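First residue of the sequence shown: 1269, per this note's numbering; consecutive thereafter. In what follows, a single structure is set out as structure tokens and then discussed.
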Amino acid sequence: MSTKALRKEEEDNLLRRADDVCRQNNLRLTPIRERVYRELVQSGGPVGAYDLVDRLSNEKKRLAPVTIYRALDFLRDAGLVHRLATQNSYVISHGQPDMNAMKIMFVDAKTGETVEVHSSEVAEAVRKAAEQAGFKSVSPFMEVEGEIAQ
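Rendered as structure tokens:
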């Protein structure tokens, strides 16, 4: 199978997953939410909200940034995308980790490329550290900025 065909298959799987997640949770994947999600899927990496405004607007109608931010909030709350604070951008989620695992997003500071990893060991270490600090962690997500080894 060619790389292009493989990429198309992965995109189709992610779009089906979004549909399934919304259906299972009685959420509505409106046309604008789907367009935002599809653009993130097709981009293959992190994209900023204002870049999405530019990409999804046309000459006749410019989308309001608030429309994009609302769609991104919905997609994030549904577990379909992550907000990368280090890049001030959004990236597709590739699924939920096991119950006891933590999702770690490694972000290349130079290229913006991301690698998603799920780890039970890191989740346990964070849980213990949070407990020692008297803190209850709410989000099973961690972002680490650095360089991807070549």
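Glycine included, C-beta positions come from ideal geometry on N, C-alpha and C. All of these numbers come straight from a predicted model, not from anything done at the bench.
Closest by C-alpha distance to residue i, when choosing among the options
i       : options                               : result
Met1410 : Ile1372, Thr1379 and Val1383          : Ile1372
Glu1389 : Ala1369, Glu1302, Gly1347 and Gly1380 : Ala1369
Ser1325 : Glu1307, Gly1312 and Val1383          : Glu1307
Leu1343 : Ala1401, Lys1276 and Val1289          : Val1289
Arg1291 : His1362, Leu1348, Gly1312 and Glu1279 : Leu1348
Asp1345 : Leu1331, Arg1323, Arg1296 and Lys1404 : Arg1296
Ala1353 : Pro1333, Thr1382, Ala1332 and Gly1363 : Thr1382
Glu1279 : His1362, Ser1405 and Pro1333          : His1362
Gln1364 : Tyr1358, His1350, Gln1355 and Asn1356 : His1350
Cα-Cα separation between residue i and residue j, rounded to whole angstroms
i       : j       : result
Glu1413 : Asp1376 : 6 Å
Glu1423 : Ala1393 : Residue 1423 is absent from the structure shown; the chain starts at 1269 and stops at 1418.
Ile1336 : Ala1286 : 17 Å
Asp1420 : Val1304 : Lying outside 1269 to 1418, the shown extent of the chain, residue 1420 is not represented and no answer is given.
Phe1374 : Val1315 : 15 Å
Ser1387 : Lys1328 : 46 Å
Met1367 : Gly1380 : 28 Å
Test: residue i CB closer than 8 Å to a CB of chain D
i       : result
Val1394 : Looking at the structure shown, chain D is missing, and only one protein chain is on hand.
Residue ranges of each beta strand (DSSP E) run of no fewer than 3 residues wholly in the region 1346-1416, ordered along the chain? 1349-1352, 1357-1360, 1370-1376, 1382-1387 and 1409-1414
Should the region 1327-1342 be called in touch with the region 1278-1285, which here means at least 3 C-beta pairs below 8 Å? no
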